[in-house]
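Trainee: One point on numbering: in my numbering, the residue at position 134 of the sequence shown is 135, and numbering is uninterrupted.
Glycine is no exception: its CB is placed at the ideal position from the N, C-alpha and C atoms.
Predicted, not measured: the structure shown is a model, and the values here were computed from it.
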Amino acid sequence: MGLYADKMKTVLYGLANRPFIPEELRGSKRRLILHISDTPSDIYPFLYQVVEQLNPLDLIHTGDLADNYKIEFQKFHLSHYQRAVSSFVHHLQEISEARLHIVLGNHDDPDTLAAILPGFPMQARCIELNGRLFYVMHKLDKLPQKPGYYCFGHRFEPANEETRKYVLLNGLLNLNVIDVDTWQVFHLEYPVGTNGYRKMTKGRIGL
Numbered sequence: 002m003g004l005y006a007d008k009m010k011t012v013l014y015g016l017a018n019r020p021f022i023p024e025e026l027r028g029s030k031r032r033l034i035l036h037i038s039d040t041p042s043d044i045y046p047f048l049y050q051v052v053e054q055l056n057p058l059d060l061i062h063t064g065d066l067a068d069n070y071k072i073e074f075q076k077f078h079l080s081h082y083q084r085a086v087s088s089f090v091h092h093l094q095e096i097s098e099a100r101l102h103i104v105l106g107n108h109d110d111p112d113t114l115a116a117i118l119p120g121f122p123m124q125a126r127c128i129e130l131n132g133r134l135f136y137v138m139h140k141l142d143k144l145p146q147k148p149g150y151y152c153f154g155h156r157f158e159p160a161n162e163e164t165r166k167y168v169l170l171n172g173l174l175n176l177n178v179i180d181v182d183t184w185q186v187f188h189l190e191y192p193v194g195t196n197g198y199r200k201m202t203k204g205r206i207g208l
């Protein structure tokens, strides 16, 4: 009954453009890592609510920060992309003290991000968070050989998966939240219509 109720709440909250945060993630004592990816600017207000409610220690973004602007194919959207990403990053810094870990996606502009976050590493890399290894990248092309947490986006596959060796976290499918005290992983839903804003529905531009 509890799981069904949570699913219903998730749908209803999503329709109202509000995040549903499960009871297990509420409370100021939680130490959390938040992973997101491929975020269209239309859902920024939703993401701000998530960040404010979770207050994560670390925020991982695995690319395509303004995914409604496919600047890899549509360079004429660059100025819109620049304004959106600048607003997004600066607002995240205003509302949260989380450490930002950002990876460039195929629809990101390196010069824009370098100007907004000078000196920040943007390439795919391995980072250590609370004693665990996190491999952050925009896309995962093959199943991992090394143990750790693999954070990625870009496409719908592979799906989220936890094995004895590794944990796959697809930030395109869900907002992924990791409790660093228990290492339990939670998958929260993006708001209704997110894939449409990403132009990842039938007949549109896609990845």
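#1: Identify, in the order they occur along the chain, each residue of the same chain with its Cβ nearer than 8 Å to the Cβ of Glu129, setting aside the five sequence neighbours on each side.
#2: Taking the alpha carbon of Asn56 as the point to measure from, which residue in Asn175, Ser42, Leu35 has its own alpha carbon closest?
#3: Near Gly204, what residues of its chain come up, given a Cβ to Cβ distance below 7 Å and the 5 sequence neighbours on each side ignored?
#4: In the DSSP assignment, what are the bridge partners of Arg133?
#5: Is the segment 48-62 close to the segment 108-124, with three or more CB pairs under 8 Å?
#6: Can you tell me which of the three DSSP states Ile169 falls into?
#7: Skipping 5 residues on each side, what residues in its chain have a beta carbon closer than 6 Å to that of Gly172?
#8: Please report how far the alpha carbon of Pro23 lies from the alpha carbon of Asn69, in whole angstroms.
#9: DSSP has Asp180 in a bridge; who is on the other side?
Mentor: Let's see:
#1: Locating residue 129 in the sequence shown gives position 128, where the first residue counts as 1. So the qualifying residues of the chain are Phe135.
#2: Here residue 56 refers to the residue found at position 55 of the sequence shown. Checked all of Asn175, Ser42, Leu35; the closest Cα to Asn56 is Leu35.
#3: Translated into the one-based positions of the sequence shown, residue 204 becomes position 203. Model confidence at Gly204 stands at a pLDDT of 44, short of 50, so the residue's coordinates are unreliable and nothing is read from them.
#4: Numbered from its first residue, the sequence shown carries residue 133 at position 132. Arg133 is bridged by DSSP to Leu130.
#5: no
#6: Taking the first residue of the sequence shown as position 1, residue 169 is located at position 168. Before going on, a small fix: residue 169 reads as Leu here, not Ile. In the structure shown, Leu169 falls within a strand segment according to DSSP collapsed to helix, strand and coil.
#7: Reading the sequence shown from its first residue, position 171 is the one you call residue 172. His36, Ile37, Ser38, Thr63, Gly154, listed in sequence order.
#8: Mapped onto the sequence shown, residue 23 falls at position 22. Mapped onto the sequence shown, residue 69 falls at position 68. If I take the Cα positions, the gap works out to 28 Å.
#9: Taking the sequence shown and counting its residues from 1, the one referred to as residue 180 is at position 179. Paired residues: Leu33.
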